[in-house]
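Colleague:
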Amino acid sequence: MKRIILMTFITIVNSFMIFGQNDYYWYKNQKIFVEKLVTKHFIVLDNSLDSTSLKVSLPTSTKIKKWSITKNDAGILPYKNNPISETKWAIIEDNSNVSSKANLMNNKSVKYETSFYLTSKKVEVGLSNLFYVKLKDTNDINLLEKMALENGATIVGNNKFMPLWYTLSCSNSSKGNALQMANLFYETQKFSAAEPNFMNKFDINCVNDTYFSQQWNLNNTGQNGGTIGIDIHFCQARQITTGNSNIIVAVIDQGVELNHPDLVNNIYSSSYDCQTGTSPSVVRGSHGTACAGIIGAVSNNNLGVSGIASSCRLMSISNDLWLRPNVEQELANGFNWARQNGASVISNSWGHNSLASTFLDDAITNALTLGRNGLGCVVVFATGNNDGSVIYPANSNPDILAVGAMSPCAQRKNPSSCDGEYWWGSDYGPELDIVAPGVLIPTTDRQGSNGYNTSTGTAGDYYMTFNGTSSATPHVAAVAALILSRNPNLTQRQVADIIESTAQKVGSYTYQTTTGRTNGTWNNDMGYGLLDAYAAVQAATPAVCNPPILQNVTRSGTTVTYYWDNNNTNNTTIGLQYSIDGGTTWVSNHGGATSPRSWSNVPDVRPIKFRVLGYAPGCSETTSNVIEHPCIAPTLQNIVRSGTTTTFYWSNNITQYFTIGLQYSTDGGTTWVSNHGSATSPRSWSNVPDVSYIKYRVLGYSYGCSGVASNILIYSCNPPVLQNVERNGTTVTYYWDNNYANNTTIGLQYSIDGGTTWVSNHGGATSPRSWSGVPAVYPIKYRVLGYSSSCSGTQSNILTFTASGMGGVKRDPNLPQEASQLKEEYNLIYNSATGVLKVNYPQNVKILKLYNVLGRIIMQQETNNTLENEFNINNLPAGIYIVTFDKSCSRKFVK
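Pasting the structure below:
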């Protein structure tokens, strides 16, 4: 029944009725037309469906062109931290009559389907389930979310390098395939761009070697009647590594043909012949060259076959492997010579069912324990071809990797397996560790007619049907070499653990938890399963354990947002932390590894320290740098005096002070007297001197903050200084300086009887202030009175206006007179927001001076070449000021 359901699928035509028959996509605001190719399809399948089930379910006219599992997360920041899952997909082709096929949209195993397309140049392109949308602005994410929801698309995430670009995915519930959905989004004119994800090249050969298409062991596309996808995942693995020339694989066998054109560039400089005890090795048969080609034939050289570890080197150790006196010692010598001369892996496609040898066992143990400077050589042995129990030496030492053979159909190679080689079967049983492809294996052969293939010329340099556990064993040796290429610091046991724990659980076998088998589920026929080169080199990649970098922390009340960089480490979890006791105790909040992330209910105090913790596979907890939000000085807000008792009012400014020191100074701030106590405002202090001039401040004490000083409040009974009076009819404006007294009230006064009687107008202490209804008579006197909590009615100087002008203030005779007309280059610009007075002047001016109205120099500057200086007068009281330009002229302004 499953075959009937799925066979209708591969020929369906998309039935999204909202679109027309002319297919196109948008590029640079132009329609690019494409033609649907209805015989070829891209499909996304339920993750529970394997390639075997898919093949069985399809009609015989259907070909699976490619089968893969990918995780489309490269460079994508997951949307709302949702994890990006793997996608199981396939490309299928069927040239049968499309119109007779039924729609298969209701099949739950098929999550998405679309046809391939042809360009205007008849170039074939695939269409995936993904499309891309570029926002016009970051705030347009709400538009994207709305459209995705309405049209059945899923937002995967945005690009970390170009964050306005978002990736979305389609399914059969979407309102179109990826091309149609991209058009739908773009044609709303709400987005800058939208385009489908075209797959522009589908070359199933990941290398260009002549016979690679026949190497089902590396890329199973159904050759020899095999099951698609049942291979060692070679193409994926070589994207990570092809090996390293420092990793040497010794092949103890009948000798490798050292000048073979597909091996010569990978041959190690030293070799050894066990029978004569001399170098170089001797070719004593064809078996060794065939084994060596599987491991290390040169890849991508447009020649022959591809080796699995094509960048590693091959060490030839020769022996005829024949019945002969002293052969155990000869082979033992081969092991010892190999490990003493730099071998990392030792591949052994031989064994026997005869009596075991302690002599040989000791040599193997030496390689396992002493090789690679104590890390141990990885020793790989064939289990045998008798369809029975594992043979010696594969069964002699649990640290040996014992390798069985598998057919192209995910079966233990046996007389009835799908390959048709009925005359042999792979040995199996308790000692079996792993299986690898072991039948119909293309590899190198002795050149010309000297080897298994007796053809002459180049064709005779290769053998297309090498078989037995002899051919399976080099696969495992080669992957061990790839693992060590990624991480040469691993022990031989760690390499074996990786190979076993990453094996594929293929075939219709039951893999179970088994005593003594610690690297996952195991099966008597298949060991841990089929060798997986890709998963193995991934697992071998040394974990990058850099600590995360905390870049910034922003606060809004009790909500803190952390910004960090994972620092090239594959963190899966980040722990946010804060400390309010100087770093002794840290409070944590663990979550996703995508920055930024916010945390609510963090104490709104200072000082406070922040850091993040990183957690990545294979790494211990790593700790970032610390960002500290330091103490903010307390603010002294007010002082209330009552005799010798003074009450201090202050704000701690969100700093978690546990002590506040009250202070006063009666000598202008040289010496301070302290009273330490509670950090709760207000607090009173007795026996403070009741003097006419005194300064006050407070000090804050907390974790990491010791004696942080507040602002200073000055209580003074100095009389205010009346700087100027301006008259406009009966309205008079008074300008004064409080003269360091903390006045809260200023009384304006005038007298028209020579000072006998004074009329008052009390109000705020901020200068200037105007008073209406003042008699416009002459002579008239003006003064101001200052009032504070400890000072009452301190009298300023007096300014007198007579009929002929203003008296009472003597002008500094050295002040130049203000010019009646100044050129524009003598210019004053005051910015009240910043408190900065800009002064422009001509080239010849050298000195600028700032005077108050009494003729006292407040500030002085030398000029510079910019013809512009700045005075910061933010802290000066309001009033009239004069700027002099050398002694040539002056200019007055009012603050």
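So in the working numbering the end of the sequence shown lands on 877, straight run, no missing numbers.
Ideal Cβ positions, reconstructed from N, Cα and C, are used throughout, including at glycine.
Could you tell me the distance, in whole angstroms, from the CA atom of residue 278 to the CA atom of residue 374?
Modeller: As a first step, residue 278 must be located in the sequence shown, where it is residue number 296. As a first step, residue 374 must be located in the sequence shown, where it is residue number 392. Answer to the nearest angstrom: the Cα atoms are 26 angstroms apart.
Colleague: Following the continuous beta strand (DSSP E) through residue 561, name the residue where it begins and the one where it ends.
Modeller: Counting from 1 along the sequence shown, the entry for residue 561 is found at position 579. 555 to 561 is the span of the beta strand (DSSP E), which, as asked, contains residue 561.
Colleague: May I have the straight-line CA-CA distance separating residue 728 from residue 766, to the nearest angstrom?
Modeller: Residue mapping note: residue 728 aligns to position 746 of the sequence shown, counting from 1. Residue mapping note: residue 766 aligns to position 784 of the sequence shown, counting from 1. Each residue's alpha carbon lies about 7 angstroms from the other.
Colleague: Which residue or residues does DSSP assign as beta-bridge partners of residue 582?
Modeller: As a working note, residue 582 is residue 600 in the sequence shown. Answer is none; residue 582 lacks a bridge partner.
Colleague: Using the beta-carbon count (16 or more within 10 Å), is residue 588 buried or exposed?
Modeller: Taking the sequence shown and counting its residues from 1, one reaches residue 588 at position 606. By the 10 Å Cβ count, residue 588 comes out buried.
Colleague: Whole angstroms is fine: what's the gap from residue 565's alpha carbon to residue 608's?
Modeller: On the sequence shown, residue 565 is found 583 positions in, with the first residue counted as 1. On the sequence shown, residue 608 is found 626 positions in, with the first residue counted as 1. Looking at the two C-alpha atoms, the distance is approximately 9 angstroms.
Colleague: Using the rule of at least 16 other Cβ atoms within 10 Å of the residue's Cβ for burial, across every protein chain shown, is residue 508 buried or exposed?
Modeller: What you label residue 508 is simply residue 526 of the sequence shown in a count that begins at 1. Per the 10 Å Cβ criterion, buried.
Colleague: Is DSSP giving residue 892 helix, strand or coil here?
Modeller: For the chain, the structure presents residues -17 to 877; residue 892 sits outside this window and is missing.
Colleague: Could you tell me the boundaries of the alpha helix (DSSP H) in which residue 163 lies?
Modeller: Here residue 163 refers to the residue found at position 181 of the sequence shown. It spans 160 to 168 - the alpha helix (DSSP H) in which residue 163 sits, taken as one unbroken run.
Colleague: Which residue or residues does DSSP assign as beta-bridge partners of residue 388?
Modeller: Within the sequence shown, numbered from 1, the residue matching residue 388 stands at position 406. Per DSSP, 394, 419.
Colleague: Could you give the distance in angstroms between the alpha-carbon of residue 113 and the alpha-carbon of residue 602?
Modeller: For the purposes of this step, residue 113 is identified with residue 131 of the sequence shown, where counting begins at 1. For the purposes of this step, residue 602 is identified with residue 620 of the sequence shown, where counting begins at 1. Going from the Cα of residue 113 to the Cα of residue 602 covers about 38 angstroms.
Colleague: Taking just the CA atoms, how far does residue 494 sit from residue 500?
Modeller: For the purposes of this step, residue 500 is identified with residue 518 of the sequence shown, where counting begins at 1. For the purposes of this step, residue 494 is identified with residue 512 of the sequence shown, where counting begins at 1. Residue 500 and residue 494: Cα-Cα distance of roughly 11 angstroms.
Colleague: Just to confirm before moving on: does the CB-CB distance between residue 700 and residue 721 stay below 7 angstroms?
Modeller: On the sequence shown, residue 700 is found 718 positions in, with the first residue counted as 1. On the sequence shown, residue 721 is found 739 positions in, with the first residue counted as 1. Yes. Within cutoff.
Colleague: Does DSSP put residue 608 in a helix, a strand or coil?
Modeller: As a first step, residue 608 is located in the sequence shown; it is residue number 626 there, counting from the start. Looking at residue 608 - three-state DSSP - the assignment turns out to be coil, as it is neither helix nor strand.
Colleague: For the alpha helix (DSSP H) that contains residue 128, what are its first and last residues?
Modeller: Counting from 1 along the sequence shown, the entry for residue 128 is found at position 146. Note, residue 128: alpha helix (DSSP H), 123 to 133.
Colleague: Run through the segment 492 to 558 for me and flag every whole alpha helix (DSSP H) of 4 or more residues, listed as ranges in chain order.
Modeller: Counting only runs of 4 or more, we get 515 to 522.
Colleague: Determine the DSSP secondary structure at residue 876, reduced to helix, strand or coil.
Modeller: Numbered from 1 along the sequence shown, position 894 holds the residue referred to as residue 876. Residue state, collapsed to three classes: strand.
Colleague: Return the chain-ordered ranges of every beta strand (DSSP E) run that is complete within the segment 647 to 726 and spans a minimum of 3 residues.
Modeller: Whole beta strand (DSSP E) segments, 3+ residues: 655 to 659, 665 to 667, 675 to 684, 687 to 691, 695 to 698, 703 to 710, 713 to 719.
Colleague: Measure the C-alpha to C-alpha separation of residue 191 and residue 435 and round it to an integer number of angstroms.
Modeller: Within the sequence shown, numbered from 1, the residue matching residue 191 stands at position 209. Within the sequence shown, numbered from 1, the residue matching residue 435 stands at position 453. Rounded to the nearest angstrom, the two C-alpha atoms are 19 angstroms apart.
Colleague: Could you name the residues that DSSP lists as bridge partners for residue 588?
Modeller: The sequence position of residue 588 within the sequence shown is 606, counting from 1. Looking at the DSSP assignment, residue 588 forms a beta bridge with 637.
Colleague: Determine contact between the segment 709 to 724 and the segment 683 to 693, defined as no fewer than three beta-carbon pairs at a distance below 8 angstroms.
Modeller: Judged by Cβ distances under 8 angstroms, the segment 709 to 724 makes no contact with the segment 683 to 693, as fewer than three pairs qualify.
Colleague: Have a look at residue 642 and residue 604 and give me their C-alpha separation to the nearest angstrom.
Modeller: Counting from 1 along the sequence shown, the entry for residue 642 is found at position 660. Counting from 1 along the sequence shown, the entry for residue 604 is found at position 622. Distance between the alpha carbons of residue 642 and residue 604 is about 38 angstroms.
Colleague: Sorted by chain position, which residues of the same chain lie with C-beta nearer than 7 angstroms to residue 106's C-beta, five sequence neighbours on each side aside?
Modeller: On the sequence shown, residue 106 is found 124 positions in, with the first residue counted as 1. Closer than 7 angstroms at the Cβ level, and outside the excluded window around residue 106, lie 19, 98, 100.
Colleague: Apart from the five residues just before and just after residue 204, which ones in its own chain have a Cβ nearer than 6 angstroms to its Cβ?
Modeller: The residue you call residue 204 lines up with position 222 of the sequence shown. Here the set comprises 210.
Colleague: If you drop the 5 nearest sequence neighbours on each side, which residues of the same chain put their C-beta closer than 8 angstroms to that of residue 263?
Modeller: Taking the sequence shown and counting its residues from 1, one reaches residue 263 at position 281. Once the five neighbours on either side are set aside, the close Cβ partners of residue 263 are 237, 238, 240, 253, 254, 255, 298, 299, 300.
Colleague: Identify the residues that DSSP records as bridge partners of residue 762: which are they?
Modeller: Numbered from its first residue, the sequence shown carries residue 762 at position 780. For residue 762, which the question treats as bridged, DSSP gives the partners 783.
Colleague: Three or more C-beta pairs under 8 angstroms: does that hold for the segment 444 to 452 against the segment 402 to 410?
Modeller: Yes, the segment 444 to 452 touches the segment 402 to 410.
Colleague: Would you check if the distance between the CB atom of residue 519 and the CB atom of residue 222 is smaller than 7 angstroms?
Modeller: To locate residue 519, count along the sequence shown from 1; it is residue 537. To locate residue 222, count along the sequence shown from 1; it is residue 240. Contact: yes.
Colleague: Output the boundary residues of the beta strand (DSSP E) element that contains residue 173.
Modeller: Here residue 173 refers to the residue found at position 191 when the sequence shown is read from its first residue. Where residue 173 is concerned, there is no enclosing beta strand (DSSP E), given that its DSSP letter is neither H nor E.
Colleague: Cα separation between residue 251 and residue 220?
Modeller: Working through the sequence shown from its first residue, we reach residue 251 at position 269. Working through the sequence shown from its first residue, we reach residue 220 at position 238. Each residue's Cα considered, the two are about 25 angstroms apart.
Colleague: Using DSSP bridges, identify the partner residues of residue 295.
Modeller: As a first step, residue 295 is located in the sequence shown; it is residue number 313 there, counting from the start. Partner(s): 230.
Colleague: Using the Cα positions of residue 181 and residue 272, report the straight-line distance between them to the nearest angstrom.
Modeller: Numbered from its first residue, the sequence shown carries residue 181 at position 199. Numbered from its first residue, the sequence shown carries residue 272 at position 290. Distance between the alpha carbons of residue 181 and residue 272 is about 37 angstroms.
Colleague: Should residue 707 and residue 714 be called a contact, given that it needs their Cβ atoms to be closer than 7 angstroms?
Modeller: Indexing the sequence shown from 1 puts residue 707 at position 725. Indexing the sequence shown from 1 puts residue 714 at position 732. Taking 7 angstroms as the Cβ cut-off, residue 707 and residue 714 qualify as a contacting pair.
Colleague: Of the choices 731, 660, 594, 626, whose alpha-carbon is the least far from that of residue 644?
Modeller: The count along the sequence shown starts at 1 and reaches residue 644 at position 662. Comparing Cα positions, the closest option is 660.
Colleague: Pop quiz: residue 296 and residue 249 are said to be a contact at Cβ under 8 angstroms. What is the actual Cβ separation, rounded to whole angstroms?
Modeller: Translated into the one-based positions of the sequence shown, residue 296 becomes position 314. Translated into the one-based positions of the sequence shown, residue 249 becomes position 267. Confirmed, Cβ separation roughly 6 angstroms.
Colleague: Can you give the beta carbon distance from residue 502 to residue 483, rounded, assuming they're within the 8 angstroms contact cut?
Modeller: The residue given as residue 502 occupies position 520 in the sequence shown. The residue given as residue 483 occupies position 501 in the sequence shown. Rounded, the Cβ-Cβ distance is 5 angstroms, consistent with contact.
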